[in-house]
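> Structure incoming, see below.
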Amino acid sequence: GEDVEQSLFLSVREGDSSVINCTYTDSSSTYLYWYKQEPGAGLQLLTYIFSNMDMKQDQRLTVLLNKKDKHLSLRIADTQTGDSAIYFCAERPYGSGNTGKLIFGQGTTLQVKP
Amino acid sequence: AAGVIQSPRHLIKEKRETATLKCYPIPRHDTVYWYQQGPGQDPQFLISFYEKMQSDKGSIPDRFSAQQFSDYHSELNMSSLELGDSALYFCASSTGLAGGTQYFGPGTRLTVL
Numbered sequence: 001g002e003d004v005e006q007s008l009f010l011s012v013r014e015g016d017s018s019v020i021n022c023t024y025t026d027s028s029s030t031y032l033y034w035y036k037q038e039p040g041a042g043l044q045l046l047t048y049i050f051s052n053m054d055m056k057q058d059q060r061l062t063v064l065l066n067k068k069d070k071h072l073s074l075r076i077a078d079t080q081t082g083d084s085a086i087y088f089c090a091e092r093p094y095g096s097g098n099t100g101k102l103i104f105g106q107g108t109t110l111q112v113k114p
Numbered sequence: 001a002a003g004v005i006q007s008p009r010h011l012i013k014e015k016r017e018t019a020t021l022k023c024y025p026i027p028r029h030d031t032v033y034w035y036q037q038g039p040g041q042d043p044q045f046l047i048s049f050y051e052k053m054q055s056d057k058g059s060i061p062d063r064f065s066a067q068q069f070s071d072y073h074s075e076l077n078m079s080s081l082e083l084g085d086s087a088l089y090f091c092a093s094s095t096g097l098a099g100g101t102q103y104f105g106p107g108t109r110l111t112v113l
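The listed protein sequences derive, respectively, from chains A and B.
Going left to right, the first sequence walks through residues 1 to 114 as the numbering used here numbers them.
Going left to right, the second sequence walks through residues 1 to 113 as the numbering used here numbers them.
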């Protein structure tokens, strides 16, 4: 079955780059998402990538996908204190028989120190 | 832009009571997903609906039921509540049976005492 794994905690200094990593196990075509969750709040969609892509950039966010290793990373440039949150990687298998449910990783808590 | 609306935002119930959570998807979205997020955990898929029919079912207890109505809003009914049901319940909406990008509501925080 599908499984998504993330490291649990990352601490960086304001202005540095943050890199949050995720691995997934599904072998078929899949969409991979990054969501941000602030304390007690909902899930905010940040960006996503399809498994036939290598990279996607959106302002301060860069997503890199290594299909061979099934490894996904989210890089946040010039990290700000407002970026402190939990970041969830999620997989949505695509294709016949799939109904779109998301499988989430455990979430990575990003702590940004001033 | 309109977002997913969930009500109520907070709900406190006693054990063995019932609760009803409501979800109003983004206009023109025909698919609704329900997820449960326990304290310190990742969201877990419960159930989904496409065009008012159940499309998938995850780890949803038999005490829970859900449906999607003709206006595409959805309700999650929870009976015989247990302490372990205390969680954040998220609804997400998208278009199409196979999914599409899911946009999440703010969640309903259910506390069972």
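The beta carbon of each residue, even a glycine, is placed where N, CA and C say it ideally should be.
Small disclaimer: the values here were computed from a predicted structure and weren't measured.
How many angstroms separate the CA atom of V63(A) from the CA atom of K36(A)?
Counted from its first residue, the first sequence places residue 63(A) at position 63. Counted from its first residue, the first sequence places residue 36(A) at position 36. Computed Cα separation, rounded: 14 Å.
> Buried or exposed for H10(B), please, with buried defined as at least 16 other CB atoms from any protein chain shown within 10 angstroms of its CB.
Indexing the second sequence from 1 puts residue 10(B) at position 10. Result: exposed.
> Going by Cα to Cα distance, which pick from F90(B), E75(B), F64(B) and A2(B) is closest to E155(B)?
A question about residue 155(B) goes unanswered here, because the residues of chain B that appear run from 1 up to 113.
> Per DSSP, which one or two residues make a beta bridge with H10(B)?
In the second sequence, residue 10(B) corresponds to position 10, counting from 1. The partner list for H10(B) (beta bridge, DSSP) reads R109(B).
> Using a Cβ-Cβ cut-off of less than 7 Å, list which residues of the segment 93 to 108 of chain A approach chain B; keep chain order.
Hits within the stretch, in order: Y94, N98, T99, G100, K101, L102, F104, G105, Q106 and G107.
> What are the boundary residues of the beta strand (DSSP E) that D58(A) is part of?
Position 58 of the first sequence holds residue 58(A). Looking at the DSSP string, the run of the beta strand (DSSP E) that includes D58(A) is M55 to D58.
> Name the chain A residues that come within less than 8 Å of G100(B), Cβ to Cβ?
In the second sequence, counting from the first residue as 1, residue 100(B) sits at position 100. Within chain A, the residues G100 have their CB atoms less than 8 Å from the CB of G100(B), given in chain order.
> What is the C-beta distance between Y24(A) and Y48(A), in whole angstroms, given that I count them as a contact (C-beta under 8 Å)?
Counting from one through the first sequence, the residue named residue 24(A) turns up at place 24. Counting from one through the first sequence, the residue named residue 48(A) turns up at place 48. Wrong, their Cβ atoms sit about 13 Å apart, outside the cutoff.
> Provide the residue span of the beta strand (DSSP E) that contains L83(B), from first to last.
The sequence position of residue 83(B) within the second sequence is 83, counting from 1. Neither: L83(B) is in no beta strand (DSSP E) and is coded neither H nor E.
> Straight-line CA distance for V112(A) to S94(B)?
What you label residue 112(A) is simply residue 112 of the first sequence in a count that begins at 1. What you label residue 94(B) is simply residue 94 of the second sequence in a count that begins at 1. Distance between the alpha carbons of V112(A) and S94(B) is about 32 Å.
> On a Cα-Cα basis, can you pick out the residue from S7(A), D54(A) and D83(A) that is closest to E14(A)?
Locating residue 14(A) in the first sequence gives position 14, where the first residue counts as 1. Distances from the alpha-carbon of E14(A) to those of S7(A), D54(A) and D83(A) put D83(A) closest.
> Quick one: what does DSSP say T81(A) is sitting in, helix, strand or coil?
Here residue 81(A) refers to the residue found at position 81 of the first sequence. DSSP places T81(A) in helix when its eight states are reduced to three.
> Should Y48(A) be flagged as near chain B, meaning a C-beta pair shorter than 8 Å?
By 1-based counting over the first sequence, the position of residue 48(A) is 48. So yes, Y48(A) belongs to the interface.
> Pull up the distance between the alpha-carbon of K70(A) and that of V4(A), whole angstroms please.
Position 70 of the first sequence, counted from the start, is the residue given in the question as residue 70(A). Position 4 of the first sequence, counted from the start, is the residue given in the question as residue 4(A). Each residue's alpha carbon lies about 10 Å from the other.
> Would you list the one or two residues that DSSP bridges to H91(A)?
Counting from 1 along the first sequence, the entry for residue 91(A) is found at position 91. First, the amino acid is wrong: residue 91(A) is Glu here, not His. According to DSSP, which records beta bridges pairwise, E91(A) is partnered with L32(A) and I103(A).
> Would you give the residue range spanned by the beta strand (DSSP E) that D56(B) belongs to?
Taking the first residue of the second sequence as position 1, residue 56(B) is located at position 56. Counting along the chain, the beta strand (DSSP E) containing D56(B) begins and ends at M53 to K57.
> What residues of chain A sit near F90(B), judged by a beta carbon separation below 9 Å?
If you number the second sequence from 1, residue 90(B) lands on position 90. Ordered by position in chain A, the residues that pass the 9 Å Cβ test against F90(B) are G42 and L43.
> Assuming N52(A) is part of the beta strand (DSSP E), what are its boundary residues?
If you number the first sequence from 1, residue 52(A) lands on position 52. Looking at the DSSP string, N52(A) is not in any beta strand (DSSP E), and its letter there is neither H nor E.
> Name the chain A residues that come within less than 7 Å of S94(B), Cβ to Cβ?
Working through the second sequence from its first residue, we reach residue 94(B) at position 94. Residues of chain A passing the Cβ test: G100.
> Cutting at 6 Å between CB atoms, please list the residues of its own chain near F9(A), excluding the five before and the five after it.
Translated into positions along the first sequence, residue 9(A) becomes position 9. Around F9(A): T109.
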